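The structure appears right after this line, and notes come after that.
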Amino acid sequence: MNLKKLSCLPALALLAVTGVSCKHLSTAGADNGEATNPFFEASKLSLQAPDFTRIKDSDYQPALEEGMKQQQAEISKIADNTEAPTFENTLVAMEKSGQLLNRVNGVFNLVTSANTNPSLQKVQEEEAPKMAANNDAIFLNTKLFKRVQAIYQKRDELKLDPESKRLVEYYEQKFELAGANLSDGAKDTLKKYNQEEAGLSAKFTNMVLAANKAGALLITDKAELAGLSDAEIQAAADNAKAAKQDGKWLLSLQNTTQQPLLQSLSNRATRQKLFEASYNRAEKGDANDTRKTIARIAELHALAAKLLGFKSYADWKLRDQMAQSPEAVEQFLGKLIPAATAKAKVEAADIQAVIDQQKGGFKLAPWDWNYYAEQVRKAKYDLDEDQIKPYFELDKVLKDGVFYAANRLYGLTFKERKDLPVYQPDVRVFDVFDKDGSQLGIFYCDYFKRDNKNGGAWMSNIVGQSKLLNQKPVIYNVCNFTKPAAGKPALISADDAKTMFHEFGHGLHGLFANQQYPTLASPNTARDYVEFPSQFNEHWMMDPKVFAHFAVHYQTGAPMPQALVDKIKKAGTFNQGYALTEALGGDAIDMAWNTLGADNAKQDVDKFEATSLQKAGLNLSEVPPRYRSSYFLHIWSNGYAAGYYAYAWTEMLDDDAFSWFQENGGLTRANGQRFRDMILSKGNTENYGDMFKAFRGHNPDIKPMLVSRGLVK
Ligand SMILES: [Zn+2]
């Protein structure tokens, strides 16, 4: 019933990792006369594209409030209906509910993440808890659930088409997983757990923020900063000044265990200090020590799962995912860990050789890794972004790369239009036409960085596809590329270009949605499935035909020299043993905490973390986990508990699916059509594993991912 915003996971592959993430929920406001609120009726522009010339910041809040009110009234009417429950009077009615809310939310999500301001942020803060309560009021509604259950029990006799049957199963599971089945007493207990967890999660986030800040490393002797660029040293001096430490240098901490500056700092003692500041940031026994908080969150996870009848939190949360069970995830990780750690050991030996060659006289430690890896990388690949960028002109990447690949594979064509209003002048709009020339949807893109835009890159819908609601997809991609000076071309990095393919992969998933019901329409799919189409689309960037078509010098039109192309390709497998092993460390920690049973849920954080890594076979001291438990925001407060594995899991899917293309002639219309028919257009209308198997001919195979990462030949 609700449009969902896609949280993009980091795009793994060719070059560096692309950080992509998303926020949700939005609103804006002040009082506004209802008569003039543009959200109160569907937009009359093409495919209900929003009329930004009519939308004021003050329109959002009243529209959101009214939207929730209307939806609650609609839901009550369904739940209180005296007629016996039918598919039409219950589930179809639910699918039709909340249209005003969806309309305003689609636009509000967009503007609050891509073009926000203090008044929009205020509305966001005020409305977020109300939105959460609005959702609970639906999925914990006992009367409504009883109707859904009655339909579910009769589903085989109702002669439903497969998509409708899937909708019945979807709702039954969703209510059940939300706890609608519980007694009133148990529901109250669950709400208490949820409330305590929400409080602790918020506290955890704030403690980590404070710990990051307090953990910044203060340097008093400039010599200790040897290796940093002038700009980095200046930034450190500015940081110190802001912290009232004039004349000193302050190195601030990033979220991850490894710190980007470690690759440049040539003073080993400084490296060690910075690393340890990061590693121990939230375990100092001070006000920012998170250990008690996370131990309690883990316990609450286990208690809530037990209340709902599940063995563990992971067991509960994975039911509606592609993996379906913690055992499947553990099996998957078990296949990756030996290959990743074996490669990491080879990389460690390479690095030790460099240290010995330079007569370092020490054994490689975690704080040395990136410093020496960077030297190995430069020596082996010598990839200079400034050499590459002239071949990646944004408009060419978009039209001759991203759109071109979609044309070759799916027959799509694109036409830019200037008549539709946009929320910011840099935003561009394209009509997207299907292979027969009919309109498939509308695509907005907003590529340049702005101060009022969230970091990362993401995709979502303004209007979601649904035949029931007579809606075609209106979708958007948002990125954060550096904006060129006026009149200059936008030359982007290889990583940026890959991000464009990635986000447009989500876009294709949305554009090809072909569902009756909005709830099941692509890209509304599980967390461990949704990044499959996007990561899959990245592969086409380096396809020889596509690459030759877009990667030409912006001034001369000359193709990129082959030596440079080869360097880009080779650099993709560099240091992948390390990168994968540290990510798997995060996966193992996440799964260990979230597979605890309620009887066993009280744990000592450090001991438990060390034992869990050991048990998983991740005991390389040079490769610490990407996040330790004590500052792992994904799992304790960002909704990725028992889900961090999804990053690697979808990589397995996209590499395996791409290997099908490689075995069957690559970039052809017929192959693209098959992928569209069997994956992209299906949304959540079938079991994820079945869809994948039907396309690939077998269950997901890990081998193509290992090959693509350079872990096996
Ligand atoms: Zn993504």
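Numbering (my numbering), first residue to last: 355 to 1067.
No residue lacks a Cβ here, since even glycine has one placed at the ideal position from N, Cα and C.
Computed from a predicted structure; not experimentally measured.
- The region 729-739 and the region 702-713 touch, with three or more beta-carbon pairs separated by less than 8 Å.
- For M813, the enclosing beta strand (DSSP E) covers residues W812 to V817.
- In the displayed model, S412 falls within a helix according to three-state DSSP.
- In terms of Cα proximity to L794, the closest of A867, Q741, L845 and Y777 is A867.
- According to the DSSP secondary-structure assignment, Y830 is paired through a beta bridge with Y798 and S814.
- Approximately 41 Å separates the beta-carbon atoms of F858 and V959; this is outside 8 Å, ruling out the contact.
- Counting only runs that start and end inside the region 962-1030, the alpha helix (DSSP H) elements of at least 4 residues fall at 987-990, 1000-1017 and 1023-1029.
- Taken in chain order, the complete alpha helix (DSSP H) segments of 4 or more residues contained in the region 630-699 are 645-661 and 667-671.
- Shown here, T767 sits in a strand according to DSSP, grouped into three states.
- Shortest gap from the CB of E885 to any heavy atom of ligand 1: under 7 Å.
- In terms of CA proximity to V884, A1000 leads the group N1053, A1000, L498 and P779.
- The criterion of a C-beta distance shorter than 8 Å is not satisfied by K772 and D785.
- A direct Cα-Cα distance of roughly 19 Å separates K431 from V522.
- Following the DSSP letters along the chain, one finds D785 inside the beta strand (DSSP E) bounded by residues R782 to F787.
- Judged by pairs of C-beta atoms under 8 Å, the region 643-653 touches the region 971-989, as three or more such pairs exist.
- One thing to note: A995 has its Cβ within 8 Å of the Cβ of D944.
- Q870 is classed as buried because its beta carbon has at least 16 other beta carbons within 10 Å across all chains shown.
- Between L536 and L661, the beta carbon gap of about 7 Å places them in contact (Cβ cut-off 8 Å).
- Contact check for S876 against K1036 passes: the beta carbons are separated by less than 8 Å.
- Residue pairing from DSSP places I573 in a beta bridge opposite W603.
- Taking C-alpha positions only, G569 is separated from A589 by approximately 17 Å.
- Here S888 carries a helix assignment [DSSP, helix/strand/coil].
- Taking the CA atoms as reference points, R650 sits about 15 Å from A946.
- Secondary structure at V730: helix, using DSSP grouped into helix, strand and coil.
- The region 788-802 and the region 397-412 touch, with three or more beta-carbon pairs separated by less than 8 Å.
- For Q453, the enclosing alpha helix (DSSP H) starts and ends at Q453 to A468.
- Selection Y524, A438 and G452 evaluated against T879 yields Y524 as nearest (Cα-Cα).
- Rounded to whole angstroms, N761 and P720 show a C-alpha spacing of 46 Å.
- Shortest Cα-Cα distance from R1050 to any of L1007, P680 and A540 involves L1007.
- For K671, the closest alpha carbon among the candidates A970, Y998 and D434 is that of Y998.
- Per the C-alpha coordinates, the member of L616, A696, L544 and N435 positioned closest to G971 is A696.
- Comparing C-alpha distances from K789 to each of G1026, K956 and W990 shows the shortest one belongs to G1026.
- Secondary structure within the region 516-568: not one fully enclosed beta strand (DSSP E) run of 3 or more consecutive residues is present.
- Ranking E442, E976 and N1018 by CA distance to the CA of F716 puts E976 first.
- Closer than 7 Å to some heavy atom of ligand 1: that does not describe the Cβ of H1052.
- Distance between L628 and S620, taken at the CA atoms: about 12 Å.
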